[in-house]
Every structure is written in structure tokens, then in C-alpha cells.
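Protein chains in written order, with the numbering used here: chain U, 4 to 210; chain H, 52 to 453.
Encoded as C-alpha cells, the structure appears first; notes follow it.
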């Protein structure tokens with residue numbers, strides 16, 4: 004579906020025996036073991052949160068918070084899921100909490116309207132490639148801000164991060180069918196908004 | 052269809068007969084017109100029912116989303132791991148699970164640092180042609196700086212002025228002293244003062260990241276400018292005090308090339324050849340700094356990095372040393388403000404300028420804070436901290452509302 008559908012997420016370290024030992028040691032208060040786990044899972048967590056938020060600085064804050072909360076919750080980690088899945092779940096909840104704290108639909112739509120003026124289609128062709136990519140990124144995340152979070156996260160995990168439906172569904176704790184429904188609805192709404200912003204041609208005008 | 056024998060209630064033979072007739076008819080009809088299994092048809096129908104499959108292909112949107120995904124993927128925003136911050140935060144969340152002793156323990160670890168330069172290379176932002184060009188320019192500047200260093204650092208401190216007068220002979224002494232193992236004393240003597248954030252990159256240090264550093268050495272006398280400086284180093288012909296150095300630069304490494312060159316040198320050049328080149332001195336100092344750092348001798352490492360800055364205040368050696376000092380200061384939980392300021396004076400658009408400016412703004416207070424963030428946005432409209440800058444300015448504007 005998405006352009007990145009064949010590109011899986013950065014693989015988290017396998018939950019092998021070595022990791023199980025580290026987790027066990029970390030649960031016993033061994034900070035060096037936790038430091039090793041932190042280091043090995045940090046890049047994937049950054050990627051996960053970065054795609055969800057689109058904001059590097061915010062990512063740094065939220066990833067730190069996710070690891071801190073994971074450290075506190077580690078005694079309750081029962082090993083049914085992999086550590087990676089468990090960490091990603093904690094991170095997702097933290098991102099959701101952030102979204103809820105920031106939620107202001109009116110502001111999000113206002114921002115989108117302002118963006119319309121800033122991304123005049125006539126201007127876009129004159130931008131250099133890097134600037135253009137940045138503008139596109141800002142536009143997409145501004146649109147995502149206006150979506151309900153269930154659609155937003157389905158779209159991000161499926162289309163932006165490039166998870167398979169099964170992977171994305173597992174991360175969100177929903178069925179693959181449900182995931183696909185949400186991602187498709189999200190795409191429809193995103194297309195509509197991007198058309199209004201002038202980034203995409205109207206559906207009827209497409210060849 | 053037959054009535055189940057275990058069905059409760061009165062038997063209804065009439066209904067049973069009726070249902071039996073219908074069942075027989077259906078069975079006969081099935082026998083005559085039984086559909087053949089058609090897996091492909093079933094699959095096609097299933098795919099048609101799948102919301103994803105039924106969605107109309109949208110290559111334009113896919114291309115747009117792909118561009119955004121690539122952009123986000125390539126722009127890691129310099130997110131740095133900070134294990135100590137994580138554990139400190141966890142401690143504030145639940146001190147029973149993460150006690151202070153855990154925070155203290157992690158504080159003794161070497162920092163876990165993402166190397167910016169490595170990240171840049173990973174993103175394919177290297178440019179051999181530009182590197183070669185910059186290398187040429189750097190060589191030219193190195194030459195100028197080698198002359199300029201004889202006049203000392205252009206810092207306006209009286210200290211610098213005082214040292215400037217005797218820098219050339221001292222620089223000669225410095226190289227020789229480093230070579231024979233008095234690097235630490237010399238480095239202290241050449242020290243600047245200041246503080247700072249990111250490692251620019253030694254793999255060997257990364258290997259040691261998770262090892263608790265050895266018990267810290269006795270705090271040295273180094274505490275920045277206020278510290279009384281040690282006596283100037285012993286003249287080069289004096290007996291070297293090799294036990295004063297964390298890891299002395301091997302004499303051969305520095306001296307051998309010089310000796311080799313001296314055989315071919317003209318008589319005029321011969322006296323100069325005894326002096327290690329500026330690059331050799333910088334390399335020796337860097338080795339010394341890294342060895343000290345890896346050994347947990349943070350004071351000695353700091354002294355050596357500051358000596359590098361002194362020798363190459365505006366070059367790439369100096370800038371890298373600033374980066375190391377930033378990391379070191381962070382590890383030691385010391386303020387980097389003064390170091391950020393001197394760094395920005397020398398490298399207003401340097402590798403760490405973004406972080407240094409943001410660091411200063413974060414520590415500013417009152418009106419100066421908003422002004423600092425406004426300056427940040429004006430100076431670096433595409434900086435990594437632009438969103439924070441905007442948030443800070445928005446918050447400041449809100450506070451001003453009646």
C-alpha cells in the first residue's frame with residue numbers, strides 16, 4: 004500500500020537468551036544490564052516515536068520518558084511480549100498522552116489554514132529538494148494533527164513507518180483488518196486535506 | 052433433516068415429514084448442481100473485501116508520503132541517548148524501584164553518546180570533493196595558525212597576553228615535553244578555562260561506555276581560571292617526570308619522523324626538525340586526553356582538551372576538542388555556559404553551534420530568555436531546536452497578555 008510497505012521497521016534486537024538474561028538482571032536492579040538494553044533499543048525507539056510525532060526534539064523528550072517509565076515498570080514485565088514490543092507499547096502510550104494533552108482541534112485546523120498560505124503551489128516548484136521535503140513533512144504532520152489518534156497512529160505505523168499490516172496491528176493491539184480500515188480512512192482524509200493545501204492534485208483532475 | 056432424538060418436547064411427525072422432504076430436495080439439487088471449489092475466485096473475493104485492497108491506488112499520495120518518510124528517516128534531529136537522564140527521571144517517578152544509589156551508580160558510567168559525525172556519515176552527507184577542498188583550505192589555515200599560535204590565543208584575557216610573549220619558545224618546549232612525557236603538566240600550564248556536550252567521536256571510547264570508570268583520581272588542582280597554575284614545565288633538557296602523565300606519548304612516535312627527516316634536512320632546517328610539528332603535538336594531546344578519559348581521569352582529560360583548544364583555537368582540532376569538553380562537562384554535571392560562549396565566538400556556525408545556542412537559551416532567564424530564543428530563530432531558522440524556540444516565544448507572548 005504505502006511506498007514503504009516493503010521496508011520493515013528497524014529490527015529491534017531479538018529477544019534471545021542474552022536479552023532475557025539482561026532483562027532478568029535489570030529486573031534485579033543491575034543498572035549495567037539496563038544500560039545495555041537501553042543502548043540496544045534506543046535507535047528503534049527513537050525511530051518509532053520520531054515517526055509518530057514528526058518532531059525531533061519532542062522525540063528526545065518522549066523517548067527518555069518512555070525508557071524511564073519502562074525502568075520503573077520493569078518488575079511487572081512478564082516476558083509474554085518481546086521487550087521491544089513492550090517498550091514500543093509504552094512509548095505509544097506516552098505519545099498518545101502527549102497528543103491528548105496537546106489536543107486542540109481548532110488550533111490544529113487553524114495551523115492547517117495558515118499552512119495553506121505558506122505552501123502556495125506556485126511557490127513549491129521553486130523550493131530546493133531538501134526544503135521541499137521539509138515543507139511536505141510539515142504539511143503532512145499538520146494534517147495528521149487534525150486526525151483522530153486511532154487513524155493517525157494506524158497511518159503512521161502502516162504508511163510512514165512501513166510496517167506490514169500484521170506488524171502495525173500487533174503494535175496497536177488491534178486486528179490487521181481493523182488496522183487496514185483505519186489506515187485507509189486516514190489516507191482518504193489525508194488526501195483530501197493535501198488537495199486543499201495544494202500539495203496534491205484534485206482527485207478528478209488526476210490522469 | 053431429521054429430528055434430533057434428544058430434542059425435548061412433544062414429537063411432531065408432520066413437521067418432521069415436511070422437513071425431511073425439503074432436506075431430500077436440497078440434497079438432490081446439490082448432487083445435480085454442486086459448485087466446484089474455486090480457490091482463486093474465493094481469494095479474489097476476499098481481496099476485494101479487504102479494505103486495503105479495495106482502496107483505490109493513489110501513486111501521487113504514495114509519492115508524497117514516501118518523500119516525507121525519507122525526510123523523517125534521514126533527519127534524526129540529533130536525538131542523543133542520555134542514560135543518566137533516564138535513570139534520574141525514573142528515580143523521580145518511583146524512588147522505591149529506582150533508588151538514589153542507582154542514579155549514583157549510573158553517574159559513574161562513561162556517557163552513552165551518539166556520535167554526530169557518525170550519524171552524518173550514515174546519512175550519506177559526506178562529500179569527498181568538499182572534504183578535499185576543505186582539507187586544502189585547512190592546510191593553508193593550519194600554516195597560518197602555526198604562525199599565529201606563536202602570538203598566542205587571541206583571547207582577550209590578561210593571562211593570554213602574558214603568555215603570548217613567551218609562547219614560541221614555550222611551544223617548542225611543549226612539543227618536546229609532550230614527547231618525553233610531561234604532557235599533563237604542560238597541558239595544565241596551557242589551560243584555558245570553561246566547560247560543555249557532545250562527543251564527536253572515538254570508537255574506542257564508545258567501547259568503554261558501559262564500563263564504570265575506575266575510582267576517580269584525586270581531584271587535581273584544575274578548576275578553571277581561578278586555579279593557581281602549576282609551575283611552568285621543566286626545560287626540555289631536564290629529566291622528564293614520566294610518572295606525571297596518564298599515558299605518555301611514546302617518544303618514538305613523535306621523534307622518529309623528525310629524526311628521519313633530519314638526515315635529509317638542510318643545515319638551515321635542521322634546528323627546526325627537533326621540534327615536533329604542530330600536528331604531532333595535537334595528536335599527542337588528543338591521545339593523552341582520550342587515554343585519560345578512558346581511565347576515568349577526567350581532570351587530566353579536560354586539561355589536555357583545553358590544551359588542544361589553545362593550540363588550535365579556530366581549527367578542526369580545536370572544534371573537536373570543544374565537542375569533547377562539552378561531553379566531559381555534561382558527564383561531570385558541570386555548567387557548559389562559559390564554554391558555549393567561547394565556542395560560539397570562535398565557531399558561530401560550527402558543528403555544535405546549534406546546541407550551544409540552544410543550551411545558552413535554556414539557561415537564560417526572564418526577558419533574556421525570550422530574546423535569546425528569538426535570536427536563535429533569527430540566526431538558525433532551520434535549527435534543530437526551532438520548535439522549542441517557537442514554543443518558548445509563544446509562552447512568553449502568552450505571559451505578556453493581560
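The beta-carbon is built from N, C-alpha and C at its ideal position, and this holds for glycine as well.
None of the values given here were measured: they were computed from a predicted structure.
- Whose Cβ in chain U lies nearer than 8 Å to the Cβ of residue 436/H? Result: 60.
- Beta-carbon of residue 112/H versus every beta-carbon of chain U: anything under 8 Å? Yes, residue 112/H counts as interfacial toward chain U.
- Check distances from the C-beta atoms of the segment 132-143 of chain H to those of chain U and list, in chain order, the residues that come in under 9 Å. Residues 132, 133, 134, 136, 137, 138, 139, 140, 141, 142 and 143.
- Step through the CB atoms of chain U and report whether any lies within less than 8 Å of the CB of residue 403/H. At least 8 Å separates the CB of residue 403/H from every CB of chain U.
- Query: What are the residues of the segment 32-47 of chain U that lie near chain H, defined by any Cβ-Cβ distance shorter than 9 Å?
  - Reply: From the segment 32-47 of chain U, only 32, 34, 35, 37, 38, 39, 41, 42, 45 and 46 have a Cβ closer than 9 Å to chain H.
- Task: Assign residue 363/H to one of three DSSP states: helix, strand, or coil.
- Result: The answer is coil: DSSP assigns residue 363/H none of H, G, I, E or B.
- Item | Any C-beta of chain U under 8 Å from that of residue 122/H | At least one chain U Cβ lies under 8 Å of residue 122/H.
- Message: Let's see if you can read the secondary structure: which residues bound the alpha helix (DSSP H) around residue 435/H?
- Response: Residue 435/H: not part of any alpha helix (DSSP H); DSSP gives it neither H nor E.
- Where residue 116/H sits in the DSSP three-state scheme: Here DSSP, grouped into helix, strand and coil, assigns residue 116/H to helix.
- Query: By Cβ distance below 7 Å, which residues in the same chain neighbour residue 157/H in space, the five residues on each side in sequence not counted?
  - Reply: Around residue 157/H: 134, 135 and 138.
- Message: Could you tell me the alpha carbon to alpha carbon distance between residue 65/U and residue 184/U, rounded to whole angstroms?
- Response: Distance between the alpha carbons of residue 65/U and residue 184/U: 28 Å.
- Message: Can you confirm whether residue 120/U, when its beta carbon is compared against all beta carbons of chain H, has any partner nearer than 8 Å?
- Response: Only weak support exists for where residue 120/U lies, its pLDDT of 46 falling under 50; the value from the coordinates is given anyway. Contacts with chain H at 8 Å (Cβ-Cβ) do not include residue 120/U.
- Message: Can you check whether the C-beta of residue 398/H is within less than 8 Å of a C-beta belonging to chain U?
- Response: Taking Cβ atoms only, chain U never reaches closer than 8 Å to residue 398/H, which makes this a no.
- Below 8 Å, can you find three or more Cβ-Cβ pairs linking the segment 68-84 of chain U to the segment 28-40 of chain U? The segment 68-84 of chain U is in contact with the segment 28-40 of chain U.
- Identify each residue in the segment 159-190 of chain U for which the Cβ-Cβ distance to at least one residue of chain H is less than 8 Å, and report them in chain order. Residues 162, 163, 164, 165, 168, 180, 183, 184, 186, 187 and 190.
- Query: By Cβ distance below 6 Å, which residues in the same chain neighbour residue 155/U in space, the five residues on each side in sequence not counted?
  - Reply: Here the set comprises 147.
- Task: Report yes if the C-beta distance between residue 336/H and residue 355/H is below 8 Å; otherwise report no.
- Result: The Cβ atoms of residue 336/H and residue 355/H sit closer than 8 Å to each other.
- Select from 177/U, 145/U and 170/U the residue whose C-alpha is nearest the C-alpha of residue 196/U. The candidate whose alpha carbon is nearest that of residue 196/U is 145/U.
- Query: Under three-state DSSP, which class holds residue 328/H?
  - Reply: In the structure shown, residue 328/H falls within a coil segment according to DSSP collapsed to helix, strand and coil.
- Residue range of the alpha helix (DSSP H) that residue 202/U falls in? Segment: none, residue 202/U is in no alpha helix (DSSP H) and carries neither H nor E.
- For chain H, is any of its Cβ atoms less than 8 Å away from the one on residue 105/U? Cβ-Cβ to chain H under 8 Å: no for residue 105/U.
- Message: I want to know whether the segment 327-345 of chain H touches the segment 364-379 of chain H - three or more CB-CB distances under 8 Å.
- Response: The segment 327-345 of chain H is in contact with the segment 364-379 of chain H.
- Could you list which residues in chain H have their beta carbon closer than 7 Å to that of residue 70/U, in chain order? Neighbours of residue 70/U on chain H, chain order: 137.
- For the segment 145-157 of chain H and the segment 63-82 of chain H, state whether three or more C-beta atom pairs, one from each stretch, are separated by less than 8 Å. The segment 145-157 of chain H, when compared against the segment 63-82 of chain H, does not touch it at the 8 Å Cβ threshold.
- Message: Using CA atoms only, rank isn't needed, just tell me which of 64/H, 66/H and 410/H is closest to residue 437/H.
- Response: Here the closest residue by C-alpha is 410/H.
- Task: Return the residue from the list 403/H, 383/H and 345/H that minimises the CA-CA distance to residue 367/H.
- Result: Ranked by how close their Cα comes to the Cα of residue 367/H, the residues 403/H, 383/H and 345/H have 403/H in first place.
- Nearest residue (CA-CA) to residue 86/U, options 158/U, 132/U and 21/U: Residue 21/U is the option with its Cα nearest to residue 86/U.
- Contact set between residue 118/H and chain U, taken where Cβ atoms lie within less than 7 Å: Result: 136 and 139.
- In angstroms with no decimal places, state the Cα-to-Cα distance between residue 106/U and residue 418/H. CA-CA distance, residue 106/U to residue 418/H, rounds to 29 Å.
- Task: Using a Cβ-Cβ cut-off of less than 8 Å, give me the residues of the segment 193-207 of chain U that come near chain H, in sequence order.
- Result: The segment 193-207 of chain U vs chain H, Cβ under 8 Å: 193, 194, 197, 202, 203 and 204.
- Task: Kindly list, in the order they appear in chain H, the residues whose Cβ is closer than 9 Å to that of residue 26/U.
- Result: Correct list: empty, because the minimum Cβ distance to chain H is about 15 Å.
- beta strand (DSSP E) segments (min. 3 residues) lying fully within the segment 374-451 of chain H: None, since the segment 374-451 of chain H contains no complete beta strand (DSSP E) of that length.
- Query: What do you get for residue 109/H, buried or exposed, if any count of 16 or more other CB atoms within 10 angstroms of its CB means buried?
  - Reply: Buried, because 16 or more other Cβ atoms sit within 10 Å of the Cβ of residue 109/H.
- Message: Less than 8 Å between the beta carbons of residue 425/H and residue 395/H, yes or no?
- Response: No, they are not a contact pair.
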